[in-house]
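Engineer:
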Amino acid sequence: MKSIFPLALLFIGLTAFSPLHDGPHELEIGAAAKGTDLPLTTTEGKSVHLTDLKKGNGLLVIFSCNTCPFVLKWENRYNGLAKLSGEKNVGMVVVNSNEAKREGDDSLEAMKTHAEKESYHFPYVLDEGSKLADALGGSRTPHVFLFDKDMKLVYRGAIDDNADDKNAVTHAWLDDAINHLAAGEKIDPSTTRSLGCTIKRLPQ
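Below, the structure is given as structure tokens:
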């Protein structure tokens, strides 16, 4: 019996936080963004679209939430990403698609509180019905999609290779992708594996 309990915990951990994709099909590199006309609600209650948030060199979209342990570890990099994106003329938006948790941890009011607590310096928006996540193939939090000036996907996946310690990162994939995008250079790798909690969609 002693060996069963650790195995059960391992299974739960793998299913809850697995890096494997289990949502809608992810947008392919080079493909045009979908869902650019979908209304997204900011924490101020305003309606915006991805096209409103894009800047001259493109747009960074990060699927996120308020409580996922992986988000809580990685989000201390969000403001730095917003600063870098702004310097490189790339827009940035963080998207909450956890539609199944709108009555609790991921309500619009909870999002507003979280954004204020963490001093977010970028738009944090509610994706009603997980429609944008479905359109782009977002499956995890955090899950990154970087688009160029023509809103074609140039990078998809993880922020970097160390959620626990930003000072111990050896591969800053997203930073590198933003810098290469702004410089008109090839992004390599253009995809990495996202690691995080599943986006909490409503049952079909």
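Residue numbers (this note's numbering): 3 to 206.
Ideal placement from N, C-alpha and C gives every residue a C-beta, glycine not left out.
#1: Is Lys57 helix, strand or coil when you go by DSSP?
#2: Which residue's Cα is closest to the Cα of Lys57: Lys90, Lys114 and Asn78?
#3: Among the candidates Pro191, Asn181 and Asp190, whose CA atom is the shortest distance from the CA of Gly60?
#4: Checking 9 Å against the spacing of the C-beta atoms, do Lys202 and Asp54 come in under that value?
#5: Going along the chain, which unbroken runs of the beta strand (DSSP E) with 3 or more residues stay wholly within the region 90-116?
#6: Do Leu134 and Met113 have their CB atoms nearer than 9 Å?
#7: Are the beta-carbon atoms of Ser192 and His145 separated by less than 9 Å?
#8: Taking the runs of the alpha helix (DSSP H) that are 4 residues or longer, which of them lie wholly in the region 160-185?
#9: Pull up the DSSP beta-bridge partners for Thr200, would you.
#10: Taking all protein chains shown into account, do 16 or more other C-beta atoms lie within 10 angstroms of the C-beta of Leu224, making it buried, or fewer, making it exposed?
#11: So, for Leu40: in the same chain, excluding its five sequence neighbours on each side, which residues have a beta-carbon less than 6 Å away from its beta-carbon?
#12: Do you know whose CA, among Glu120, Glu46 and Ser99, lies nearest Tyr80's CA?
#13: Any idea which residues DSSP pairs Lys154 with across the strands?
#14: Leaving out the 5 sequence neighbours to the left and right, which residues in its chain are closer than 7 Å to His23 when beta-carbon positions are compared?
#15: Comparing alpha-carbon positions, which option in Lys36, His173 and Gly198 lies nearest Asp162?
Structural biologist: Here's the rundown:
#1: In the sequence shown, residue 57 corresponds to position 55, counting from 1. Correct three-state label for Lys57: strand.
#2: Taking the first residue of the sequence shown as position 1, residue 57 is located at position 55. Nearest C-alpha to Lys57 among Lys90, Lys114 and Asn78: Lys90.
#3: Start at 1 with the first residue of the sequence shown, and residue 60 comes out as number 58. That would be Asn181, whose Cα lies nearest to the Cα of Gly60.
#4: Mapped onto the sequence shown, residue 202 falls at position 200. Mapped onto the sequence shown, residue 54 falls at position 52. When the beta-carbon positions are compared, Lys202 and Asp54 stay at least 9 Å from each other.
#5: The region 90-116 contains these whole beta strand (DSSP E) runs: 92-98.
#6: Your numbering for residue 134 matches position 132 in the sequence shown. Your numbering for residue 113 matches position 111 in the sequence shown. Taking 9 Å as the Cβ cut-off, Leu134 and Met113 do not qualify as a contacting pair.
#7: As a working note, residue 192 is residue 190 in the sequence shown. As a working note, residue 145 is residue 143 in the sequence shown. No; because the gap between Cβ atoms is not below 9 Å, this pair is not in contact.
#8: The region 160-185 contains these whole alpha helix (DSSP H) runs: 175-185.
#9: Here the question's residue 200 lines up with position 198 in the sequence shown. In the DSSP output, where bridge partners are listed per residue, Thr200 has Arg142.
#10: Residue 224 lies beyond the residue range present for the chain, which begins at 3 and ends at 206; the question has no answer from this structure.
#11: Position 38 of the sequence shown, counted from the first residue, corresponds to residue 40. The answer, listed in chain order, is Lys133 and Leu134.
#12: One-based indexing of the sequence shown puts residue 80 at position 78. Nearest of Glu120, Glu46 and Ser99 to Tyr80, Cα basis: Glu120.
#13: Here residue 154 refers to the residue found at position 152 when the sequence shown is read from its first residue. Looking at the DSSP assignment, Lys154 forms a beta bridge with Ala34.
#14: Here residue 23 refers to the residue found at position 21 when the sequence shown is read from its first residue. Low confidence applies here, because His23 scores a pLDDT of 42, under 50, leaving its location unreliable and the question unanswered by this model.
#15: Sequence index remark: in the sequence shown, residue 162 carries index 160 (1-based). Nearest to Asp162 by C-alpha distance, out of Lys36, His173 and Gly198, is His173.
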